[in-house]
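Chains as they are written, first to last, in my numbering: chain A, 46 to 501; chain B, 701 to 1190. For reference, the structure is listed below as structure tokens.
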């Protein structure tokens, strides 16, 4: 147990109390009503020492079955990527991780420059001009982007793709509920799995924003994006695109096809899965000041010190934020995911543009190899949708119950993907499988073999 | 002076490489040509250079591991190292959130046990671990109040959230996001909620009250039971902002004060690192009356297995992807178990002792104590830069800049807004008495020097990696630079 009084003799403690002017520590709580003071101790499990707690938590976590103990092909918004050792080495510097928000910039240049570089990298990746230094995660980023668009445009209607991730869709609903605006879903095309442009045309009137994901939740590349931008812009709305940042090593930056705001999940840039968090919400927009002034979150800018000679960094545009603007703030966000942004910038620096291209290409090829091999399995229809995909694709099981197939795969220590029915009831008997650089050709062959065995 | 920070002249990453970053052409079957990217301006550098870059930058940053960091209301306590090691296992790192729940029993058990602990510490009924930060918890809590009001069919009338003028900026910002109109209630001469003013603003329009206890002056609301009653009597809900719970663990519980909803900041009270700004974690605890509105999923145990419960028809729904900042939650759990009930109480008592001790050591000719003179503070206190110094043109900002020159961090400045030239100081329990004494000595020395040579303090800092920042240049539309590209168009 940690004992905060252990280093002190009774004499020292008494001197301190005397200086304060009280007889006992309890006197410092004299303004707490007696009727609610805790008598005795809280009813908590017994205290453990350092060695014991490590052993205790370790023993419980041992019950988890993690990737490789069970070969996992889950993505669905959080694909598993390898984390280079140098990333962990840098984020475990306690100069970074035991600091807080750089309220005193002169003594915090390290984190400030790092976050400035993170913002810059995000701008390069997404083709945007201004990025903030993080949101909580992709879903809250997407929701805040829509709220931002509603503030800028004022028309109480937004459009979201039917084929975006269910996590995002649900969080968007919660975040927008108090605004009392219409959230309309733009259908996807049943054959290609891509956004149905005709449906977009039908619904776009008076919309403040359109939010789509690219690749979409089914892993499919939305290639009509320039057209979508044109349609929503014609109505004066904001075009918001959610991305997998690593896919941008291969795919066009949303800035190149007309996006106004880009959001995404940055956890896979140098962060492990960790059962879904800490996450990293990527958030960037075009350099249009009417947009920038409505952005949520901390933004770091470059300046100099007063000598004018030394480059320096500091938080800027703070008049948008809660500590100054209070109820008029663009968002309530204060603590964010800064250390995850540090991991992301180190990760991107280690890869460089060439490494990122190689990685995204390898992922694309692995997924397509897997798809081809799986399509050879009897009664497996892969891919289900005809649209071109990146790292993830849907597959339909014919003549067998997908849940039974899934259970039998798990018995074989394979999680073949995500059963889609729960999220998209009309997608019956289907799986969404994801492939990245962590999967070897042997892993893919094991998956194929397992399918063959359980499909008989 | 014993402190001098590293002064690397470290270029930006993109200045380290002059190479053209045009990408190799690819032609892949199944890749739509019109969607292929041609260029990314991210430099290609060696691992050596990249590691040196960030190591140099790290040397120009200050954390709790290097010295006292007494930002008021931020609770910058020491982060036990064992907690970091506990979460660095593949058994957590490689666990996907969408795996079948029978393969995630370990983490679900830890989260379940943590929720139990938080419920006991706060005196609430149930806890959600989902929110990613304190402000996120506030938004969740105010959405719950909105849902409860909607349920009673009173959404059209109950639109006012009462918030004291001493509150953190996140409170009004969160409540406004949840659709409420903010009604500010003033502090009285003691620095506490003005009860008469509160009685005047409550009524049929009252949705609820958001209260930070102890408040941002470090004062316990001694009339807390009356305040809660006043709001409940008119049908309003009570929200406890747990940012300052570090003063009260094991002493008194928000649930026993009658609060309906309580958020905690695990990165403050339960010692998880602040990470240069995050990740944090902001669990929300609820009374029996409002628990049905908690966000999904909750973690349940049926006596045999742990599982994620989504079937909660009155829940406000999903508030982020997946289930929370998991590794932060595990660290907080380990911290609670390391201290145990007695240790948590000790931590709070010691935090309060350190704060009062530091206040007692300050030279009151230079640091004036606004509100409730002589009333014991809790874990933090606020002083204002005294008349004597203000006459010399010395500001709270100047004092802060001088402090960092001594290799200690500044307190929170200019907050709460009801105190002019405020310094809000929270030493936390993990500073030894000697450290507290040293901080007081530095503060007094700075005041004395500032009084005699004000130009010195106005020019501070001198020993940090850069001198005082040109904030005007940073924020001026013509000189503002928000990324490493040439930003003429911004």
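Ideal Cβ positions, reconstructed from N, Cα and C, are used throughout, including at glycine.
If the cut is a Cβ gap below 8 Å, which residues of chain B does residue 108(A) touch?
805, 806, 809
I want to see whether chain B comes within less than 8 Å of residue 193(A), judged by CB atoms only; does it?
no
With distances taken from CA atoms, which of 424(A), 406(A), 428(A) is nearest residue 415(A)?
Checked all of 424(A), 406(A), 428(A); the closest Cα to residue 415(A) is 428(A).
Taking three-plus beta-carbon pairs below 8 Å as touching, is the segment 275-285 of chain A in contact with the segment 192-201 of chain A?
yes
Please decide whether residue 491(A) counts as near chain B, where near means a Cβ-Cβ distance under 8 Å.
no
Cutting at 7 Å between CB atoms, please list the residues of its own chain near residue 1149(B), excluding the five before and the five after it.
Cβ within range, chain order: 1156, 1157.
Can you name the residues that DSSP bridges to residue 881(B)?
860(B)
Along the segment 293-311 of chain A, where does the CB come closer than 9 Å to a CB of chain E? Name the residues.
Absent from the structure is chain E; the protein chains it does hold are A and B.
Would you verify that the beta carbon of residue 268(A) is, or is not, closer than 8 Å to some beta carbon of chain B?
yes
With a 10 Å radius around its C-beta and 16 neighbouring C-beta atoms as the bar for buried, classify residue 169(A) as buried or exposed.
buried
Just to confirm before moving on: does the CB-CB distance between residue 897(B) and residue 936(B) stay below 8 Å?
no
Determine the chain A residues that contact residue 819(B) at a beta-carbon separation under 8 Å, and present them in chain order.
In chain order: nothing, as chain A lies at least about 10 Å away.
As assigned by DSSP and simplified to three states, the class of residue 806(B):
helix
According to the neighbour-count rule (16 or more other Cβ atoms, all chains shown, within 10 Å of its Cβ), is residue 965(B) buried or exposed?
buried
Under 8 Å between the Cβ atoms of residue 1166(B) and residue 343(A)?
no
Delimiting residues of the alpha helix (DSSP H) encompassing residue 1090(B):
Annotation for residue 1090(B): the continuous alpha helix (DSSP H) segment containing it runs 1087-1090.
Continuous alpha helix (DSSP H) stretch holding residue 941(B): start and end:
Run containing residue 941(B): none in the alpha helix (DSSP H); it sits in the beta strand (DSSP E), 937-942.
Which chain A residues are close to residue 963(B), counting only those with a beta carbon under 7 Å from its beta carbon?
Neighbours of residue 963(B) on chain A: none; closest Cβ ~12 Å, over 7 Å.
At the 8 Å Cβ level, is residue 64(A) part of the contact set with chain B, yes or no?
yes
Given 8 Å, three or more beta-carbon pairs between the segment 1015-1033 of chain B and the segment 805-814 of chain B:
yes
Following the continuous alpha helix (DSSP H) through residue 845(B), name the residue where it begins and the one where it ends.
834-851
Does residue 1112(B) come out as helix, strand or coil in the three-state DSSP assignment?
strand
Run of the beta strand (DSSP E) containing residue 985(B), from where it starts to where it stops
984-986
Rounded to whole angstroms, how far is the Cβ of residue 1079(B) from the Cβ of residue 1052(B), which I believe are closer than 8 Å?
6 Å
Give, in chain order, every unbroken run of the beta strand (DSSP E) that is at least 3 residues long and sits entirely within the segment 1093-1142 of chain B.
The segment 1093-1142 of chain B contains these whole beta strand (DSSP E) runs: 1122-1125.
Beta-carbon separation (whole angstroms), residue 849(B) vs residue 855(B), contact threshold 8 Å
5 Å
Grouping DSSP H, G and I as helix and E and B as strand, with all else coil, what is residue 1081(B)?
In the structure shown, residue 1081(B) adopts extended strand secondary structure according to DSSP, grouped into three states.
The segment 404-415 of chain A: which residues have C-beta closer than 8 Å to a C-beta of chain B, in chain order?
From the segment 404-415 of chain A, only 406, 409, 410, 413 have a Cβ closer than 8 Å to chain B.
Taking residue 177(A) as part of the alpha helix (DSSP H), name the residues at either end of that continuous run.
Segment: none, residue 177(A) is in no alpha helix (DSSP H) and carries neither H nor E.
Beta-carbon proximity of residue 326(A) to residue 139(A), cut-off 8 Å:
no
Secondary structure at residue 63(A), three-state DSSP: helix, strand or coil?
Reduced to three states, the DSSP call for residue 63(A) is helix.
Length of the line joining the Cα atoms of residue 69(A) and residue 1050(B)
Rounded to the nearest angstrom, the two C-alpha atoms are 12 Å apart.
CA-CA distance, residue 210(A) and residue 899(B)?
47 Å
Let's test the definition: count the other Cβ atoms within 10 Å of the Cβ of residue 54(A) and tell me whether it reaches 16, buried, or not, exposed.
exposed
Taking only beta-carbon positions, decide if residue 495(A) is within less than 8 Å of chain B.
no
Cβ separation of residue 996(B) and residue 1010(B), assumed to be a contact under 8 Å, to the nearest whole Å:
5 Å
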